[in-house]
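Throughout the sequence shown, residue numbering follows full-length UniProt numbering, covering 1 to 492 in sequence.
Glycine included, each C-beta is placed from N, C-alpha and C at the ideal position.
Notes follow the structure.
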Amino acid sequence: MTRIEWSASSKIHRSISHCRTTDIDSRQRPSEPQQASPPTLLQPNFFSFPLSLTTTMSFRQPLRCCRTGLQTARVNAACRAPAARAYSSQQSNPASVGKLAGLAVSSAAVAFSLTMAYNYYKRPDNVAKLDMVPNVVAIETGGENWDPVHAREQDDAQNPMRIRMATWVTNMQDHIVKGLESLEAAAPPDGEHPPATFFRDHWIRPSGGEGSSCVLSGGRVFEKAGVNVSIVEGKLSKAAQAQMRNDHDSIPLSDEPLPYFATGVSIVIHPRNPHAPTTHLNYRYFELANPKDPNGEPLAWWFGGGADLTPNYFYEEDAVHFHQMLKDACDKHDAAYYPTYKKWCDKYFYLPHRGETRGIGGIFFDDLTTSSSIHGDKKPSRDEIFEFVKSASSAFLPAYLPIVQRRHTQKYDDLQRRWQLVRRGRYVEFNLLYDRGTKFGLNIPGARVESILMSLPEVARWEYMTPLGAQGSGTREEELINVLKTTHDWIK
1 MTRIEWSASS
11 KIHRSISHCR
21 TTDIDSRQRP
31 SEPQQASPPT
41 LLQPNFFSFP
51 LSLTTTMSFR
61 QPLRCCRTGL
71 QTARVNAACR
81 APAARAYSSQ
91 QSNPASVGKL
101 AGLAVSSAAV
111 AFSLTMAYNY
121 YKRPDNVAKL
131 DMVPNVVAIE
141 TGGENWDPVH
151 AREQDDAQNP
161 MRIRMATWVT
171 NMQDHIVKGL
181 ESLEAAAPPD
191 GEHPPATFFR
201 DHWIRPSGGE
211 GSSCVLSGGR
221 VFEKAGVNVS
231 IVEGKLSKAA
241 QAQMRNDHDS
251 IPLSDEPLPY
261 FATGVSIVIH
271 PRNPHAPTTH
281 LNYRYFELAN
291 PKDPNGEPLA
301 WWFGGGADLT
311 PNYFYEEDAV
321 HFHQMLKDAC
331 DKHDAAYYPT
341 YKKWCDKYFY
351 LPHRGETRGI
361 GGIFFDDLTT
371 SSSIHGDKKP
381 SRDEIFEFVK
391 SASSAFLPAY
401 LPIVQRRHTQ
411 KYDDLQRRWQ
421 LVRRGRYVEF
431 NLLYDRGTKF
441 GLNIPGARVE
451 SILMSLPEVA
461 RWEYMTPLGA
471 QGSGTREEEL
481 INVLKTTHDW
491 IK
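Following this line, the structure appears as structure tokens:
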């Protein structure tokens with residue numbers, strides 16, 4: 001079993017231990033020193049191997065040998081940026097390659113990876129610890145707190161987009177975790193709930209992929225919060241291709257299974273106080289590989305994502321602030337983004353059987369690529385669209401945390417708590433009945449159900465013919481229902 005544990009708010013530490021023959025449960029506190037052996041380790045990062053995009057032999061085996069041969073060093077970072085697995089070639093059968101050819105390629109790959117890592121990413125003031133999991137790298141950040149600016153500095157435009165997006169979402173995960181834990185630690189004692197920290201569960205997908213699920217529960221501010229990153233690869237069958245074409249017309253239909261890669265970050269936060277709203281974020285990247293392209297260019301690719309707010313009690317100033325932050329991020333790239341994606345969000349997060357939206361919206365988009373109709377004649381590059389995704393996701397904490405800071409200390413009574421649980425029931429209904437990501441994930445063989453259902457609250461409520469929010473009652477509960485019955489333009 002692979003396990004990662006996060007420390008208290010002052011230090012965040014990650015420890016992964018892996019052995020080919022025995023699974024090891026490794027728990028380690030940041031204050032406990034690790035024995036390091038000379039020479040000083042290299043500083044790894046997401047480096048690309050262009051040759052691996054054009055050859056049929058995977059470089060994973062020589063890279064694994066290279067990494068397991070390096071000695072680990074003391075890790076003492078205030079916030080880490082764990083790198084993600086870089087799936088740059090298909091899994092191959094070593095038996096299909098001659099022994100001599102395999103040995104030659106393996107030796108060359110080891111030498112190449114060491115040389116590239118040293119020359120391109122060396123930082124003498126840092127010592128890195130390599131997690132002993134194939135193709136998983138942990139990066140020492142030198143004790144600096146991560147923020148989106150640091151992630152931009154780590155980004156390398158020469159890397160494939162799959163690696164760049166995986167770098168971004170893993171950094172974003174640490175950024176969000178740190179922000180939520182900071183608010184938890186600063187919350188005044190309530191005599192019942194201690195400040196909570198995140199538990200990180202790192203998982204490996206046997207059929208191809210991995211991820212990290214960070215979950216907090218039972219906190220003073222947040223009753224439950226989940227921040228999940230996934231990096232997966234596999235083969236998309238002809239039937240699956242046809243199904244995905246219903247929502248993504250950029251997918252070509254092939255008679256052969258096509259390799260795919262997908263990575264993303266998904267966040268759902270359920271505060272304890274009924275006056276503090278639930279929120280959701282998701283940003284993702286998908287590409288369908290073209291095995292016949294010598295340059296490794298995918299057959300199809302797109303970005304998707306967005307963020308939205310789901311209050312239990314309506315505060316117009318909260319809605320305006322949340323939408324203004326998202327609009328500002330969108331307007332940096334295209335003035336058409338916010339109004340279009342705001343309408344898409346209102347349409348997507350809608351419960352037809354209730355006749356109401358899930359919340360007060362935000363932005364939502366999918367299948368965003370160079371040829372998307374929203375761009376007209378502009379035709380932005382993949383790099384330019386990626387910059388928009390980075391801006392939009394970076395706006396999340398400034399949009400959400402000030403609202404929670406205003407609301408989490410407000411007084412509330414049993415009736416307001418009861419209403420909160422009823423509204424959570426609506427949230428569950430949408431996720432299980434209509435959310436495409438949830439339904440898609442649950443239909444994948446071998447899917448990690450714990451991560452897929454991470455978005456659900458720990459406690460929800462369904463009342464038969466509940467009187468709460470009834471029309472004509474003149475209550476604040478009714479006020480919310482009336483807001484959710486129609487869409488609104490929050491930015492005048």
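Three-state secondary structure (DSSP) of residue i
i	result
Thr409	coil
Ser373	helix
Lys347	helix
Glu144	Confidence is the limiting factor: at Glu144 the pLDDT is only 34, short of 50, which leaves the residue's position unreliable, though a coordinate-based value still follows. Coil.
Tyr338	helix
Arg200	strand
Asn282	strand
Ala184	Here residue 184 is Glu; the residue named in the question, Ala, does not match the sequence. Correct three-state label for Glu184: helix.
Ile444	coil
Glu477	helix
Gly359	coil
Glu210	strand
residue 493	The structure shown does not extend to residue 493, since the chain spans only 1 to 492, so no value can be given for it.
Chain-order list of residues whose beta-carbon lies under 7 angstroms from that of residue i (same chain, five-residue window excluded)
i	result
Gln420	Pro274 and Asn312
Ser381	Thr370
Leu401	Gly179 and Leu183
Where residue i falls, given that 16 or more other Cβ within 10 Å makes a residue buried
i	result
Ala392	buried
Gly208	buried
Trp301	buried
Asn443	exposed
Met465	exposed
Arg426	buried
Asp413	exposed
Trp168	buried
Gly361	buried
Ser473	exposed
Ser237	exposed
Ala289	buried
Gln158	exposed
Within 9 angstroms, strictly: CB atoms of residue i and residue j
i	j	result
Tyr341	Gly306	yes
His270	Pro457	yes
Ile251	Leu299	yes
Glu348	Phe322	At residue 348 the sequence reads Tyr, which differs from the Glu that was named. No, they are not a contact pair.
Arg358	Asp308	yes
Leu281	Phe396	yes
Arg272	Val232	no
Asp346	Thr487	yes
Arg407	Pro277	yes
Thr320	Trp490	According to the sequence provided, residue 320 is Val. The question's Thr does not apply to it. Taking 9 angstroms as the Cβ cut-off, Val320 and Trp490 qualify as a contacting pair.
Val389	Tyr315	no
Lys379	Asp334	no
C-alpha gap between residue i and residue j, whole angstroms
i	j	result
Asn171	Val422	34 angstroms
Glu387	Phe440	27 angstroms
Leu183	Phe199	16 angstroms
Glu429	Asn295	45 angstroms
Asp383	Asp156	11 angstroms
Glu477	Pro339	28 angstroms
Glu223	Leu432	20 angstroms
Arg418	Arg162	44 angstroms
Ser254	Arg436	23 angstroms
Thr438	Gly218	24 angstroms
Val459	Arg448	21 angstroms
Asp293	Glu192	60 angstroms
Ala239	Ser372	24 angstroms
Pro44	Thr197	Low confidence applies here, because Pro44 scores a pLDDT of 33, under 50, leaving its location unreliable; read the following figure in that light. Going from the Cα of Pro44 to the Cα of Thr197 covers about 28 angstroms.
Glu210	Gly446	12 angstroms
Gly376	Glu181	42 angstroms
Lys327	Thr310	18 angstroms
Contacting residues, own chain, Cβ-Cβ under 6 angstroms from residue i (five flanking each side not counted)
i	result
Gly226	Val215, Val268 and Met454
Lys332	Ser391
Gln61	Its pLDDT being 36, under 50, Gln61 is placed unreliably by the model, and nothing is read from it.
Met165	Thr263 and Tyr285
Ala187	Arg220 and Val221
Trp462	Gly425
Tyr337	Cys330
Phe403	For the record, residue 403 in the displayed sequence is Ile; it is not Phe. Excluding sequence neighbours, Ile403 sits near Asp318.
Gly469	Glu477, Glu478 and Ile481
Glu287	Phe261, Pro298 and Trp301
Ser451	Ser213 and Asn228
Neighbourhood of residue i by C-beta distance below 8 angstroms, restricted to the same chain and skipping five residues each side
i	result
Ser212	Ile4, Pro82, Thr170, Gln173, Arg200, Asp201, His202, Trp203, Asn228 and Val229
Lys235	Pro257, Leu258, Pro259 and Tyr260
Pro398	Met325
Ile385	Phe303, Leu368, Thr369 and Thr370
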